[in-house]
Ligand SMILES: [Fe+2]
Ligand SMILES: [Fe+2]
């Protein structure tokens, strides 16, 4: 299987006239379908695709990791450029009214579009809590069970309901799994349910224990140092061969991981291309 994994949008622009933007969008090109995992926050994914000479109309499916604006906010622009009906695989909770309540401020951080607008641009939502198989080798995780005792969702992430705010369980949080010759490649959006929980679930779903590459948002930016070290110990035990961190991993956790993983570690920024 020929496979190219291109990070179209990330907080940091890795190449010349790229745009950097808080968020994430990763394109998976195969000899079968081309899959866009998340869409960044606004226009950076399509801007950077243009610079790379990537034709977004060649995308066959979109997978959304969760409903937060920095992963779904590029949908309008991307759908315009795709220019045809396209299946979008996501969890039904992506439509929840997601907020961050921090420092006395309630900030809306959910999807910035109405479903109807996106459907008028060609979006065909396939909303499910389950893992979806996209090809023989590629699947979504669906809901990720939280089994480790050190991974948790930050209490400031909430959902607005009539009765007020309640904790966001982020059941919509999911990753993309690619089964390759050397092992699994797991692409994380934000990993709100925890990287290690996500990797354990990927192993269970596929029956493959070897995890070759982990890529994407590791959401350790608010994690305690203890959690960072427990995460690193688990990554080593799993035997991850390549760790490309993005987006919400945070500098302190990234610095420790860089030290611990040496040349297995890299920053996965806008413009990073992995060919397998
Ligand atoms: Fe994010
Ligand atoms: Fe998020």
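In my numbering, the protein residues as written are 10 to 285.
No residue lacks a Cβ here, since even glycine has one placed at the ideal position from N, Cα and C.
Computed from a predicted model, the values in this text were never measured in an experiment.
Pick from the options that is closest to residue i, judged by C-alpha positions
i, options, result
"residue 141", "96, 117, 107", "96"
"residue 53", "73, 23, 70", "23"
"residue 139", "145, 131, 130, 150", "150"
"residue 251", "261, 235, 277, 234", "277"
"residue 46", "62, 28, 68, 112", "68"
"residue 228", "217, 215, 184, 192", "184"
"residue 165", "123, 117, 62, 208", "117"
"residue 203", "280, 193, 239", "239"
"residue 274", "62, 235, 263", "263"
"residue 148", "105, 56, 73, 58", "73"
"residue 137", "99, 31, 171, 159", "99"
"residue 270", "283, 261, 241", "241"
"residue 20", "13, 80, 31, 14", "31"
"residue 153", "112, 212, 237", "212"
"residue 16", "58, 233, 10", "58"
"residue 281", "26, 12, 35, 10", "35"
"residue 246", "253, 233, 209", "209"
"residue 76", "106, 62, 237", "106"
"residue 130", "272, 161, 18, 88", "88"
"residue 101", "279, 237, 214, 181", "181"
"residue 84", "234, 159, 128", "128"
"residue 62", "80, 193, 27", "27"
"residue 159", "272, 12, 233", "233"
"residue 78", "10, 157, 121", "121"
"residue 37", "146, 113, 103", "146"
"residue 170", "18, 11, 80, 104", "104"
"residue 82", "113, 112, 18, 237", "18"
"residue 155", "207, 265, 124", "207"
"residue 119", "10, 177, 125", "177"
"residue 237", "157, 272, 172", "157"
Beta-carbon proximity list for residue i, same chain, < 8 Å, skipping 5 on both sides
i, result
"residue 174", "108, 110, 115, 167, 168"
"residue 66", "90, 91, 92, 93"
"residue 144", "39, 41, 42"
"residue 86", "48, 51, 52, 54, 55"
"residue 267", "274"
"residue 235", "159"
Cβ-Cβ separation, residue j to residue i (assumed contact under 8 Å), whole Å
i, j, result
"residue 219", "residue 248", "7 Å"
"residue 231", "residue 163", "5 Å"
"residue 313", "residue 195", "The shown model of the chain, from 10 to 285, leaves out residue 313, and the question about it has no answer."
"residue 29", "residue 279", "6 Å"
"residue 193", "residue 215", "6 Å"
"residue 283", "residue 14", "4 Å"
Spatial neighbours of residue i in its chain, beta-carbon cut-off 7 Å, leaving aside the 5 residues before and after
i, result
"residue 226", "33, 197, 198, 199, 200, 255, 256, 257, 258"
"residue 217", "188, 192, 193"
"residue 60", "26, 27"
"residue 261", "none"
DSSP beta-bridge partners of residue i
i, result
"residue 15", "36, 282"
"residue 176", "167"
"residue 108", "117, 167"
"residue 142", "148"
"residue 237", "Looking at the DSSP assignment, residue 237 forms no beta bridge with any residue, so it has no partner."
"residue 48", "Note: residue 48 sits in no beta bridge, so no partner."
"residue 222", "194, 251"
"residue 185", "149, 196"
"residue 135", "98"
"residue 72", "46, 98"
"residue 22", "279"
"residue 274", "252"
Beta-carbon contacts of residue i that lie in its chain and below 6 Å, excluding the five residues immediately before and after
i, result
"residue 189", "285"
"residue 134", "97"
"residue 43", "67, 68, 69"
"residue 253", "224, 275, 277"
"residue 12", "39, 285"
"residue 286", "Only positions 10 to 285 of the chain appear in this structure, which leaves residue 286 out of reach."
Quick one: residues with CB closer than 5 Å to any heavy atom of ligand 2, in chain order, please.
-> After applying the 5 Å Cβ criterion, the set is 77, 199.
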